[in-house]
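Input: a single structure, listed below in structure tokens.
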Amino acid sequence: MEKKDFFISYNKADKAWAKWIAGVLEENGYSIYLQAWDIRPGDDFMMARMNEFLENSMGYISVFSQDFKDSPYCQLELSAALDKHLKDPAYLFLLVRVAKIAPPDLVRTVVYIDLFGADEVTAKKRLLNAVDQKPIPRKLSPFPGDNVGSPFPAPIRNHNLPDSNPHFTGREDILNEMHREFQSGQAVSLRQTIAGLGGVGKTQTAIEYAYRHANDYDVIWWVNAETGLYEAYHAFAQRMKLLPVGESTTEQIVQQVVKEWLDTHGRFLFIFDNVEDFDALRDYLPRNTGQVNGHVLLTTRNRKLNILYAKPVELDVFTENEARDLMLKLLAVNEKAIGNQKILDELNKRLGYLPLALMQAAAYIANTDNNCDCRDYLSLLEQHGLEVLKDEATKPVDYHAIVTTTWEISFGKLSKAAQQLFYLCAYMSPDDIPLDIFVQQSKSLPAPLRDELDSVPTTNKVIQSLTKYALAKRTGGFLSIHRLVQEVVRDSLRSDTTFLDAVFRMMAGAIPCEYGNDRAARDLFRRIAAHAFAIADHFAAVHNDKDSQELAAALFFEVGRGHQDVTCRYHLALSACRRSVAIYEKVLGKEHPSTAAMYNNIGVVYKEQGDYDKALEWHLKALAISEKVLGKEHPDTAGTYNNIAVVYKNQGKYDEALKWYQKALAIKEKVLGKEHPSTAATYNNIAIVYRKQGKYEQALEKYQKALAIREKVLGKEHPDTAATYNNIGEVYRNQGDNEQALVWYHKALPIFEKVLGKEHPSTATTYNNIGEVYRNQGKYEQALEWYQKALAIREKVLGKEHPDTALTYNNIGLVYEEQGKYVEALEWHEKALAIRERVLGKEHPDAAATYNNIAIVYRKQGKYEQALEKYQKALAIREKVLGKEHPDTAMTYNNIANVYDDLDDYEQALEWYHKALAVFETVFGEDHPHTKGVRDNIADTRKRMGDA
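Letter by letter, the sequence shown follows residues 801 to 1748 in this note's numbering.
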């Protein structure tokens, strides 16, 4: 057998590294035995070829990693090579580490070189220096790294990992434990969680694990579980070409295709970083069926989630060695600042080995202007004092105390204005703090910060002073501050409310009072909502006096109102309103009119959510107070009657709705007068009920009463007058008189455009209504033109996730359905459904309406099973939320009957038609178009059965 220079021993997981090492050596004149090149199928590698390679090589190279260390076969090769080296020192024995793994005791004294974390040039230099020979090339494989220090042993085509951290230090036991746990899993996906306090490095540890074990996976995908679940899955589906061309890409479809991929593929690692809400994550996780080898890794602060869901791996503070390694890396650019190892170790111990504290100390030392070294920094620590460390020098110290001391030192180098900005930020939500809000509301802030926010250069100077020592991170126009940092700062300001009061004034002045078509106001609310809530929370906790509590309640209310009107995130609106009402109950009492008003607000939010029972519960609580405290003839009492009527109207209980509207009307006519705008509003509401009942003459009568008041009192160009014109147009459209409907819509439109503007939501509503008329007339191009005008406003002003925007998507889908363009129709309906389910909830009546529309398309396509499935989804929601006697529920009964008619299952069809008929006769009476329509359907079915 030919004599060669080296035999390269490796585990199959490190094959890419081995081939690269072999290629470099052969390019530089060395001859190599390598399993990947020199073993043929059928060879007995362990019993024959390994011994041949050892005997016929003049040196041995081990590609050393955890996989190599864990392999008994690799250990046999290592022992045999070491034995040969000990007998013949001329036989070169070289360990090449491709991962930061301690060698076994057997070879601990052997010199080794490191290739992991190095760029290609450095790696080549280290390897060639170790063997010290001349080149004769054979084959050079591509360098497995990425030429910027990535520890990937081979390029992974399908990954979206953040960049590796060149300063990552320690966590060897944790990383090894994670690897062992993953390797032992039997399920489709072995799930485990890195948990711990903020600031101990959960995210960086997850990134490091992914890079170290990249060869275990064909796909590695990073998901921001707090803000980017859908975006990450959509990007993955696009990367893997999972999305069908030309079809809808709703959230449900993206989830489905990715989960199907996960269920049928192995060698994947999905990392969900910063998991806070497991329920939100549940729909994205792979199913545990089959025998597919994939891994899921979570990072979270929630220890309960670990127990219930996945095996936890807890991160604690650093060990002494890990802390030393980190500081040496961070201060490598300034070796004089390190001093001697003893001082460095003492400093690390003083900082409690907390990674966040260590990094901040290093940032201060590296950036200070007066040549501060570790000894100086330690002296500052001594000067500021850490009493908590005196008696617990050998134990992990409380991180609050450590971080407090570290920041106090850094604060000493900040400008006064930067300190003030930092103190203000401590009371806000930690992420995405908008910097422009401080500039816009600078009059509420203390000097000198107020003065330095006057210009862009001085503002940037303040921010740079704050970020210089890693106290905050700036991303564009936003700051982010670690939660623990904020907590410690707030603790240090317990006896000084100056900054809390200032930031409260700032936010109270910033939060918009009205939205309408003010896009800037809507965008502002989206950026400040979380911060306004946090500030109100701290303000209410610190200030116990009645006036301050009411101020906090008012800010909570504005947050709730904004979420209701702008974001439509009703769970957040409820959270804010509940905080507000809790304060009112405490400081004003449970029978105060302001408390009743908040009860009403909560009821309105529940109504928007489609939770009508809850809405009634809160409105009735408000009513009990109003009737008792204000009396049964007070306008506020009438307002509550009106709110109750709205709920009954939405439930389809029209007689109940009319009863409550009439009670409200009686009060308003008596107390406010028969020509008051509020009286007109009630006439308008009564007319809406008559219109829904199909009582069009009565509806027109009430609309005309409302119109007479509004034209006389408000004028013919008032938006409320225009709204009545619009409503009258609705009656004519419902009657099928499309020409008259257009007349009234075009009376409303110029008023809205002139008074409110061409981008106001009310203007968009009229555009939408005009589109409805053209759709009814079969003028589909004109209908689409008007729908698109409405859509442009709604997407721009309200946003692409607003229910009104979803309504326009829905209407466009209806046009395509009536044109027979079923693919396009489904695409638009799915867009509407995704918004409605995400914003309103999966059991909202609007979601049911979209399921119904999708079912209509499937029926027209002849896909009857799919149509029935979607109708049943709509029916389940409507029966649960609206009840079995709601007209919308009855319409679904009718639609299901239509499908059975198409299938010639006449018995089933008649059963469903009669269920619909019973409801329509009860709710609408004998002469309503819906009632007549079902009777006609029954007659037609009986004819087909041969009964007539």
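Ideal Cβ positions, reconstructed from N, Cα and C, are used throughout, including at glycine.
- For the options Ala1648, Glu1707 and Asp1702, the alpha carbon positioned closest to that of Leu1682 is the one of Ala1648.
- Around the CB of Ala1161, 16 or more other CB atoms lie within 10 Å, so the residue is classed as buried.
- A check of alpha carbon separations from Lys1505 across Ala1480, Ala1308, Tyr1490 and Asp1251 identifies Ala1480 as the nearest.
- Residue pairing by DSSP puts Asp1073 in a beta bridge opposite Asn1024.
- The stretch 1265–1331 contains, as complete alpha helix (DSSP H) runs of 4+ residues, the segments 1283–1292 and 1298–1310 (chain order).
- By the neighbour-count definition (other C-beta atoms within 10 Å, threshold 16), Gly1001 is a buried residue.
- Contact between the stretch 1396–1412 and the stretch 1667–1675 is absent, with fewer than three C-beta pairs closer than 8 Å.
- For Pro1603, the closest C-alpha among the options Val1639, Asp814 and Lys1579 is that of Val1639.
- Residue state for His1714 is assigned as helix, using DSSP reduced to three classes.
- Burial is judged here by how many other beta carbons sit within 10 angstroms of a residue's own beta carbon; Thr1005 has at least 16 and is buried.
- In its chain, beyond the 5 residues on either side, Val1387 have a beta carbon closer than 7 Å to the beta carbon of Lys1346.
- Straight-line measurement puts the Cα of Tyr1441 at about 13 Å from the Cα of Gly1431.
- Using a C-beta cut-off of 8 Å, the stretch 1058–1078 makes contact with the stretch 1014–1026, since at least three inter-stretch Cβ pairs fall below that distance.
- Rounded to whole angstroms, the separation of the alpha carbons of Ile994 and Ala923 is 32 Å.
- Setting aside the 5 residues that flank it on each side, Glu1624 is surrounded in the same chain by Tyr1616, each with a C-beta closer than 7 Å to its C-beta; the list follows chain order.
- Only residues of its own chain outside the window of five on either side were considered, and among them Tyr1223, Ala1226, Phe1299 and Leu1300 have a CB closer than 8 Å to the CB of Leu1293, listed in chain order.
- DSSP places Ile1007 outside any beta strand (DSSP E); the residue lies instead in the alpha helix (DSSP H), whose first and last residues are Lys1002 to Arg1012.
- Residue environment for Arg1594: buried (at least 16 other C-beta atoms within 10 angstroms of its C-beta).
- In the structure shown, the three-state DSSP call for Arg971 is coil.
- Inter-residue distance for Lys1136 and Phe1357 is about 56 Å (C-alpha atoms, whole angstroms).
- The three-state secondary structure of Gly1515, taken from DSSP, is coil.
- When only Cα atoms are considered, Ala1037 and Val1057 end up about 7 Å apart.
- Secondary structure note for Gly1439: its alpha helix (DSSP H) is the uninterrupted segment Pro1435 to Asn1450.
- Arg1636: not part of any beta strand (DSSP E); DSSP gives it neither H nor E.
- If the five residues before and after Asp1231 are omitted, its C-beta is found closer than 6 Å to the C-beta atoms of Ser1280, all from its own chain and listed in chain order.
- Look at the beta carbons and you see the stretch 1029–1043 not touching the stretch 976–985: under three pairs across the two are nearer than 8 Å.
- Proximity of the stretch 810–823 to the stretch 858–875 meets the contact definition, three or more beta-carbon pairs being nearer than 8 Å.
- Beyond the five residues adjoining it in sequence on each side, Met1127 comes within less than 7 Å, by CB distance, of Leu1144, Asn1148, Leu1158 and Ala1162 in the same chain, given in chain order.
- Annotation for Arg897: no alpha helix (DSSP H) segment contains it, though the beta strand (DSSP E) segment containing it runs Leu892 to Arg897.
- In this model, Tyr1622 and Lys1631 are separated by some 14 Å (Cα to Cα).
- Listed as beta-bridge partners of Gly859 by DSSP are Leu892.
- Measuring C-alpha to C-alpha distances from His1686 to each of Tyr1651, Thr1722, His1434 and Asn1653 identifies Thr1722 as the nearest.
- The beta carbon of Thr1566 sits closer than 7 Å to those of Asn1526, Tyr1545, Ala1548, Leu1549 and Phe1552, all from its chain and outside the five residues before and after it, given in chain order.
- Inter-residue distance for His1013 and Leu1097 is about 13 Å (C-alpha atoms, whole angstroms).
- Under the criterion of beta carbons closer than 8 Å, Ala1396 and Ala1373 do not qualify as touching, at roughly 18 Å.
- Ala1457 sits close to Val1489, with the two beta carbons spaced by under 7 Å.
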